[in-house]
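The sequence shown runs contiguously to residue 406 in this note's numbering.
Notes to accompany the following structure.
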Amino acid sequence: MEGYDLVLIGAFYAYPTFRQTYGVEKNGKWEIPAPWQAGLGNGARIGEILGLLLNGIICDKFGFKRTMIGTLILLCGLIFVPFLAQNIETLEVAEVLLGVPWGVFQTLTTAYAAEVCPTALRGYLTTYVNMMWGLGQLIRSGVLRAMLRRTDEWSYRIPFALQWMWPVPLIVGIAFAPESPWWLVRKGRHEDAKKSLQRLNTTETESGLDDTISMMRHTNEIEKELDSGISYLSCFKGTNLRRTEITCITWVIQAASGASQIGYAAYFFEQAGLPTSISFDFSITLYAVAMIVVVISWFAMTYSGRRTIFLGGLLAQFFVLMMIGFTSLAHTKAASYGTGSLLLLFTLCYDIAVGTVAYSIVAEIPSSRLRTKTIVLARSLYNCQGIINGVIAPYMLNPSAWN
4 MEGYDLVLIG AFYAYPTFRQ TYGVEKNGKW EIPAPWQAGL GNGARIGEIL
54 GLLLNGIICD KFGFKRTMIG TLILLCGLIF VPFLAQNIET LEVAEVLLGV
104 PWGVFQTLTT AYAAEVCPTA LRGYLTTYVN MMWGLGQLIR SGVLRAMLRR
154 TDEWSYRIPF ALQWMWPVPL IVGIAFAPES PWWLVRKGRH EDAKKSLQRL
204 NTTETESGLD DTISMMRHTN EIEKELDSGI SYLSCFKGTN LRRTEITCIT
254 WVIQAASGAS QIGYAAYFFE QAGLPTSISF DFSITLYAVA MIVVVISWFA
304 MTYSGRRTIF LGGLLAQFFV LMMIGFTSLA HTKAASYGTG SLLLLFTLCY
354 DIAVGTVAYS IVAEIPSSRL RTKTIVLARS LYNCQGIING VIAPYMLNPS
404 AWN
């Protein structure tokens, strides 16, 4: 859902009807000015940081299920704002407001996945989040490609309206999902935790469930002794400080490694000289590649350590980005297609390593009592880096700015 919603605006910059409605004309071409591009992207990031910080407090108090359902209901109402927007100022407000529930989703899913699955499967389920990002972006690209033939306002209002297709089925599914047994143990609701665990592990015997709950209670008590607090301040005390540092830097690296080009893929391809239709075709292929290589990453994690994959992926991304830069020096049609192909290779390197493995690292490193808050802090820094990207990328690509 976030993969579809969050980067929808970035794809619209390559959309002729959207640019004519919300942009300005310059030299016979309609463009969304670079400052507004930066403002729209960063408005969402600011809203997400607010949502992230609220999530750390609300989730600890009300649990994963209630927080997610409440946020989805809020999202249903907020989607009306961009859907009915008549000017770019209203779109800016919409992005900030929508960023709040998006921020909640960013960490709640990863923390929940880490708490409800067996330890041996945690790496697969948390990195599966990245595959779903790719799926959301793939659906978005397919929808926009299909709407290209329309020349009226519905060419961009229909994609906005399709954001409503996510919340209702998700609310129904989440209503029947078990609450995190770790959260229930932290709240002292041990019988409820046992019932939740029984739903998650239907083959376990009664004594086995009791042993697991006892282990969870024991782990919780040890962590309480090590650091009695569960506030944001506790993330910076004792051994938790090291955990927080690793988690935060991991997610900052993910945002700082050139991945912002993927979010602007269609616009990037268009500015590189490809026709609009071909640009969207390339972006569809790019997101399909992003989904497939997550599976390759699962096999890599089985045989190599997280650190090895992470560093190796960063090195590969560096060389591919250098190749893209030098290829773009040749202002020919062949070079444009070469740039598009290399960006596909970059996506492959990114999603095998940094894009996927980061989710596993940030879920595994924090302590169980501070998992949600540590992930919130890490994702907040990720969004701060995203704001930097959101300022630089539009200026780099926009022909009316740095070009």
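C-beta atoms are modelled at their ideal positions from N, C-alpha and C, and glycine is treated no differently.
- Excluding five sequence positions before and after Y398, the CB atoms of its chain that fall closer than 6 Å to its own CB belong to A37, A404 and W405, given in chain order.
- Beta-bridge partners of E34 (DSSP): V27.
- Annotated three-state conformation of F86 is helix, per DSSP.
- Residues of the same chain with a CB within less than 6 Å of the CB of T74, apart from the 5 flanking positions on each side, are P104 and V107 in chain order.
- If you ignore the 5 residues before and after G389, its C-beta comes within less than 7 Å of the C-beta of R48 and A258, all in its own chain and listed in chain order.
- In the DSSP annotation of this structure, the continuous segment of the alpha helix (DSSP H) that includes W105 starts and ends at I91 to V119.
- Here R189 is actually not in contact with I368; their C-beta atoms are around 18 Å apart, not less than 8 Å.
- In terms of CA proximity to A366, A116 leads the group F272, F321, L141 and A116.
- Looking at the backbone, the Cα of I76 and that of P172 are separated by about 12 Å.
- For the pair P278 and Y385, the Cα-to-Cα distance works out to about 33 Å.
- For I327, the CB contacts under 8 Å within the same chain, skipping 5 residues up- and downstream, are T342, L345, L346 and F349 in chain order.
- Taking all protein chains shown into account, I52 has 16 or more neighbouring C-beta atoms within 10 Å of its C-beta and is therefore buried.
- Sixteen is the threshold: since fewer than 16 other Cβ atoms of the shown chains lie within 10 Å of the Cβ of F329, the residue is exposed.
- Taken through DSSP and simplified to helix, strand or coil, L348 comes out as helix.
- Here the alpha carbons of T377 and M219 stand approximately 19 Å from one another.
- Burial check for G139: the Cβ neighbour count within 10 Å reaches 16 or more, so the residue is buried.
- Remark: C-beta atoms of T93 and T113 do not approach each other more closely than 8 Å.
- Rounded to whole angstroms, L244 and L55 show a C-alpha spacing of 19 Å.
- For H193, the uninterrupted alpha helix (DSSP H) run begins and ends at H193 to L203, by DSSP.
- Nearest to R69 by C-alpha distance, out of I174, G308 and T375, is I174.
- Counting C-beta pairs closer than 8 Å gives three or more between the region 309–317 and the region 357–366, which meets the contact rule.
- By the neighbour-count criterion, in which a residue is buried when 16 or more other Cβ atoms sit within 10 angstroms of its Cβ, S260 is buried.
- E156 carries a coil assignment under DSSP once its states are collapsed to helix, strand and coil.
- For L324, the three-state secondary structure derived from DSSP is helix.
- Judged by DSSP secondary structure, A14 falls within the alpha helix (DSSP H) whose first and last residues are L11 to F15.
- In its chain, beyond the 5 residues on either side, W33, E34 and I35 have a beta carbon closer than 6 Å to the beta carbon of G26.
- With a threshold of 16 other beta carbon atoms within 10 Å, L87 falls short and is exposed.
- Listed in chain order, the non-local C-beta contacts of A319 below 8 Å within the same chain comprise C352 and A356, local neighbours out to five positions each way being set aside.
- Annotation: V99 to A396 spans about 19 Å, alpha carbon to alpha carbon.
- Nearest Cα to A262 within the set R143, E95, Y306 and G393: G393.
- The beta carbons of E5 and G46 sit no closer together than 8 Å.
- Contact between the region 138–155 and the region 286–301 is present: 3 or more CB-CB pairs across the two stretches fall below 8 Å.
- S280 and A178 have their C-alpha atoms spaced approximately 41 Å apart.
- Residue burial is scored here from C-beta neighbours: R153 has fewer than 16 other C-beta atoms within 10 angstroms and is therefore classed as exposed.
- Per DSSP, reduced to three states, the secondary structure at F329 is helical.
- I82 is positioned such that its CB atom lies no closer than 8 Å to that of G44.
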